[in-house]
Structure formats: structure tokens, C-alpha cells
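*Asks:*
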Amino acid sequence: MDHFLYNNGALYAEDVALTEIAEAVGTPFYVYSTATLTRHFRLFNEALAGMEHLVCFAVKSNSNLAVLKTLGDLGAGMDVVSGGEYRRAKAAGVPGERIVFSGVGKTAEEIALVLEGGIRQFNVESEPELLEISRIAAAMGVTAPIALRVNPDVDAKTHEKIATGKSDNKFGIPIAKARAVYAEAARLPGIDVIGVDVHIGSQLTDLAPFEAAFMKVRELTQLLREDGHNIRRLDLGGGLGIPYERSNSAPPLPVEYGDVIRRTVGDLGCEIEIEPGRLISGNAGLLVTSVIYLKEGEGRDFLIVDAAMNDLVRPSMYGAHHDIVPVIEADAAILPQPVDIVGPVCETGDTFAKSRPMPPLRAGDLVAFRSAGAYGAVMSSEYNSRPLVPEVLVNGDQFAVIRARPSFEEMLARDSIPEWL
Ligand SMILES: *Cc1c(COP(=O)(O)O)cnc(C)c1O
-10 MDHFLYNNGA
0 LYAEDVALTE
10 IAEAVGTPFY
20 VYSTATLTRH
30 FRLFNEALAG
40 MEHLVCFAVK
50 SNSNLAVLKT
60 LGDLGAGMDV
70 VSGGEYRRAK
80 AAGVPGERIV
90 FSGVGKTAEE
100 IALVLEGGIR
110 QFNVESEPEL
120 LEISRIAAAM
130 GVTAPIALRV
140 NPDVDAKTHE
150 KIATGKSDNK
160 FGIPIAKARA
170 VYAEAARLPG
180 IDVIGVDVHI
190 GSQLTDLAPF
200 EAAFMKVREL
210 TQLLREDGHN
220 IRRLDLGGGL
230 GIPYERSNSA
240 PPLPVEYGDV
250 IRRTVGDLGC
260 EIEIEPGRLI
270 SGNAGLLVTS
280 VIYLKEGEGR
290 DFLIVDAAMN
300 DLVRPSMYGA
310 HHDIVPVIEA
320 DAAILPQPVD
330 IVGPVCETGD
340 TFAKSRPMPP
350 LRAGDLVAFR
360 SAGAYGAVMS
370 SEYNSRPLVP
380 EVLVNGDQFA
390 VIRARPSFEE
400 MLARDSIPEW
410 L
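Residue numbers for the sequence shown follow our numbering, so the first one is -10 and each next one is one higher.
(1) Does the distance from the CB of Asp312 to the CB of Arg267 come in under 8 Å?
(2) Does the beta-carbon distance from Val44 to Ala78 come in below 8 Å?
(3) Between Asp(-9) and the rest of its own chain, which residues show a CB-CB distance below 7 Å, the 5 nearest in sequence each way excluded?
(4) Identify whether Pro315 lies in helix, strand or coil by the three-state DSSP scheme.
(5) Could you check if Ser91 is buried or exposed, using at least 16 other CB atoms within 10 Å of its CB as the buried criterion?
(6) With 16 other CB atoms within 10 Å as the buried threshold, where does Tyr282 fall?
(7) Based on the DSSP output, what are the partners of Cys45 in its beta bridges?
(8) So, at 7 Å on beta carbons, what are the nonlocal neighbours of Ile428 in its own chain, with the 5 sequence-adjacent residues on each side left out?
(9) Is the beta carbon of Pro304 within less than 7 Å of some heavy atom of ligand 1?
(10) Taking the alpha carbon of Asp329 as the point to measure from, which residue in Thr59, Leu292 and Ser238 has its own alpha carbon closest?
(11) Put Arg168 into one of helix, strand or coil per three-state DSSP.
(12) Using beta-carbon positions only, say whether Leu355 and Ser279 come within less than 8 Å of one another.
(13) For Arg394 and Phe388, I'd like the C-alpha separation in whole angstroms.
(14) What's the gap between the Cα of Leu7 and the Cα of Ala(-1)?
(15) Do the stretch 358 to 374 and the stretch 289 to 308 meet, that is, are 3 or more Cβ pairs less than 8 Å apart?
(16) Report the option in Asp256, Gly308, Lys284 and Cys335 whose CA atom is closest to the CA atom of Pro349.
(17) In this structure, how does DSSP classify Lys419 when only helix, strand and coil are distinguished?
(18) Pairing CB atoms from the stretch 25 to 41 with CB atoms from the stretch 242 to 252, are three or more of them under 8 Å?
(19) Considering only C-alpha positions, which residue in the set Ile100, Asp62 and His310 is nearest to Ser123?
(20) Pull up the distance between the alpha-carbon of Ala13 and that of Ala297, whole angstroms please.
(21) Starting from Val14 and walking both ways along the alpha helix (DSSP H), at which residues does that stretch end?
(22) Ligand 1 and Val70: does any heavy atom of the ligand fall closer than 7 Å to the residue's C-beta?
(23) Please find out if some non-hydrogen atom of ligand 1 comes closer than 7 Å to the beta-carbon of Leu268.
(24) How many Å lie between Ala11 and Ala136 at the Cα?
(25) With respect to 7 Å, is the separation between the Cβ of His311 and the closest non-hydrogen atom of ligand 1 below this value?
(26) Between Asn158 and Asn140, is the Cβ-Cβ spacing less than 8 Å?
(27) Beta-carbon within less than 8 Å of Ile323's beta-carbon, same chain only, minus the 5 sequence neighbours each way: which residues are those?
(28) Where does Ala38 fall in DSSP's three states?
(29) Enumerate, from N- to C-terminal direction, the unbroken beta strand (DSSP E) stretches of 3 or more residues contained entirely within the stretch 217 to 304.
(30) Contact defined as beta carbons within less than 8 Å: I believe Val277 pairs with Ala357. What is the distance between those atoms, to the nearest angstrom?
(31) Mind checking whether Val93 and Met67 have CB atoms under 8 Å apart?
(32) What separation, rounded to the nearest whole angstrom, lies between the Cα atoms of Gly338 and Asp295?
(33) My assumption, with CB atoms under 8 Å, is that Gly353 sits in contact with Phe341. Please give the rounded CB distance.
(34) Going by CA-CA distance only, name the one from Val316, Ile164, Lys343 and Ile263 that's closest to Val89.
(35) Jot down the residue ranges of each uninterrupted alpha helix (DSSP H) in the stretch 61 to 144, minimum 4 residues, whole runs only, in chain order.
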């Protein structure tokens, strides 16, 4: 459920008409709903009720400071995958003890940064990384709390680019090697082994792979305890999918996911951490764009809109589906006609949808891409020298620009021409 509903034939974000935002900000723009972000965070919190837990929002899905502060103020932790994301979480007011640091390529600078600023735990992805964290922590005279990210060799049954839990993916330490690496970690200076971490992929629409992975974490936890490690925290990653296509998909609910956690690892006496991104932010955001032209082709018509693959890359990168709806509701008596919805970028890949049934639209009409709050703005670029798309946050009847559209002057000022040229 989200808070983007029609009211008297016009699409609203909570109590604000999208037409009003479009007039103030121009198109294209992202708009996020505070009520939806809040609702989704609470669903996860409630799903883990009765177990000691922390819901860490995956910052990579939507890293706007206002979004992070909205969630941080509700008590969310943050899962970061770079020094930049760590700085964002801190700038949004989230204390280091609620920030976990994941990612396969943590640099020495990033490790020192988070040890300096405070960190809940490192999710360590390799032996060389473990040694590097130990070296830096020992040199700084501090102790780094760590969990090893294990690769359980489970098929997440999701898009190949976002599956992470198979043995041929670059992520984590093979679960069969885990005991040996834990033994090594326990001997290293500056390291405090506290837990086990797993994350098998994103946009999972079936609970079975989670269940399989968590059972492997359970067995490993028991073995590690026999080996003498004080395993007291389990980080189970993110990955629960969302219904991108409302008409024909109903992924599992957070409460069902919580039940899987309870059933598989709930009796181990460990604190549970989860790292949802997409399910919290995905359906909390829309990308709103306007029609530039309707172009009649041979056998197909093209709706050319002012958003493009640089603003929302998911369709061209993952073949992803987004529901696309008119901001002003069409007369129900008029039959929708199939159109290809495309952006202005000079690549055929800049196609959002093919043969999508849409009501008649004209130049200047607004359309909204649903489910665009996760992996949308964060993946945007200035390809084709298109300024970064702005972001807007709505809360009840108020809205604010939370990332302004840069001017062309700002864009050009980032380049420089050498003196000798
Ligand atoms: C991407 C990622 C997440 C979030 O995944 P979602 O599908 O957005 O929930 C969580 N943890 C790690 C380590 C990730 O890389």
C-alpha cells in the first residue's frame, strides 16, 4: 500500500496534488511520501516484534538525506556500502552504533573513517578485508566489531544482476570455508567477532530461498558456538521484493518474512538485524514526467516523455517493469491504446515500456512511474548532459524540494579546461 491515490480524478502524493508540485518544480522529478516510508519501516519493525532486533535501511536504495532522516528519526539503523553512504547516514543524524558497513571493496580510508566515527559492525566479505580491518583497528588502538558475510550458495531466483548468494557471485565467504575464517578472525588483534551476516539478493518474490539461507546460517551459528565463538547477532540482509506490476504480482509480506526468521533462527538468542531497502523506499516514490511529443511510427506509436534512462535506469538496465499512469485520470469510457514510452536520450535502450496500453495523452500531460523510490534517483546520471533529476518529499499537505535540480551553469562549472589548452 502507498499514499499515491487519485482524488477527484487527479493523482496525489498524500494531500498534495502532483500537478501542484510539477508547477513549482518542473518535470521530471521524483516525489516521496513520508507516510509510505513510515508505514513500510513500521511493518518490518512489527514483523520482528518479540525478538531483539534492528531494521537497518539499505541506504543504496535511496540515499537522500531527508529520506534517511525520516527513517532514522523512527529508530531505523542504516546499512551502508561506502564511505559516502556512511557520511550521509551520519549527516542525517544516525549514530555510528546504528550503522552497519557492508560491501566487497572497503578501502583503507573507508575503514579508518568508520572506525573513527563509530560503527555498529563491519560485514566482512573476504579474508584480505578481515586482515586490513585488523591492521587498521590495531594501529588506531580500537576494536572493530565484525560479522562475516557468508555466501550460502542459495539461488535467490531473481534477476541475475541482483542475485548475490550463489557461489559464483562475488559476494561473501563460501559457507564451507567460514569456520576456518572465523577461527582466524578470533586470533586477530583489533577484531571482535560478534555475528554472522548473509544477503542473497534483491527483489525476491518467494520466501523459500530466504528460508534455505537462514537455515544454513542457523547451522553455522551452532557450529561456531561449538568452536567457542560468542555469536550474538545475525544480520539477515535485505531483498524482499515489491509488486512492480500491481495487476499480477503479490510478493510475500514483511510479516510472513518475519515468520520465516522466527521459525529458522528465532530461538538462537541472537539479536536480529535486517537490511531492507527496496521494500521500504520503492513504493514510497514516483517519478513524474511530462509528455513532450506523441510520435506516430510505422505500426507503433511512441510517447516521448521528458524523463529518460539517465533519470531512471532500471528498465534499460534490468528490463524492469514500472506501472505508468496518467496524473489526470482518463475518461474510463475511452479505450487505452498501446504505445512505446521512451525518453529523449540517443539510445534505443532509452525505452521505458513497449506496447503499454495508455489512455490518449497529449504534449504537456503528466504521467507518473510508480515504484520508483528505490534504485531510481540514486542511480541517476547526467548522461546526455541532462541535469540530475530533483527530488521532492511530501508529508501530509506539505512538500519540499530535498534535492534541487542543478542549473546548467553548475553542471558546466564542474568541468575545467587546462591552461595549456
Ligand atoms: C542491496 C543490499 C541490500 C538491500 O536490498 P533490497 O533488495 O533493496 O532490500 C541489503 N544488504 C546488502 C548487503 C545489499 O547489498
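All residues carry an ideal CB built from backbone N, CA and C; glycine is no exception.
Just so it is clear, the structure is predicted and the values come from calculations on it, not from any experiment.
*Replies:* The short version:
(1) no
(2) Val44 is not a Cβ neighbour of Ala78, given a cutoff of 8 Å.
(3) Ser22, Thr25, Asn272 and Ala273
(4) Strand, per DSSP.
(5) buried
(6) exposed
(7) Partner(s): Gly66.
(8) Nothing can be reported for residue 428: it is not among the residues displayed for the chain, which extend from -10 to 410.
(9) no
(10) Leu292
(11) Collapsing the DSSP output to three states places Arg168 in a helix.
(12) yes
(13) 16 Å
(14) Those two C-alpha atoms are separated by around 8 Å.
(15) yes
(16) Lys284
(17) With the chain covering only -10 through 410, there is no way to say anything about residue 419.
(18) The answer is yes - the stretch 242 to 252 touches the stretch 25 to 41, with three or more Cβ pairs under 8 Å.
(19) Ile100
(20) 21 Å
(21) Leu7 to Val14
(22) Short note on Val70: C-beta closer than 7 Å to some heavy atom of ligand 1.
(23) At least one heavy atom of ligand 1 is nearer than 7 Å to the Cβ of Leu268, so yes.
(24) 45 Å
(25) No.
(26) yes
(27) Excluding sequence neighbours, Ile323 sits near Pro348 and Pro349.
(28) coil
(29) 222 to 224, 260 to 263, 274 to 285 and 290 to 294
(30) 5 Å
(31) Not closer than 8 Å, so no.
(32) 15 Å
(33) Their Cβ separation, rounded to whole angstroms, is 18 Å, which puts Gly353 and Phe341 out of contact at 8 Å.
(34) Ile263
(35) 72 to 80, 97 to 106 and 116 to 129
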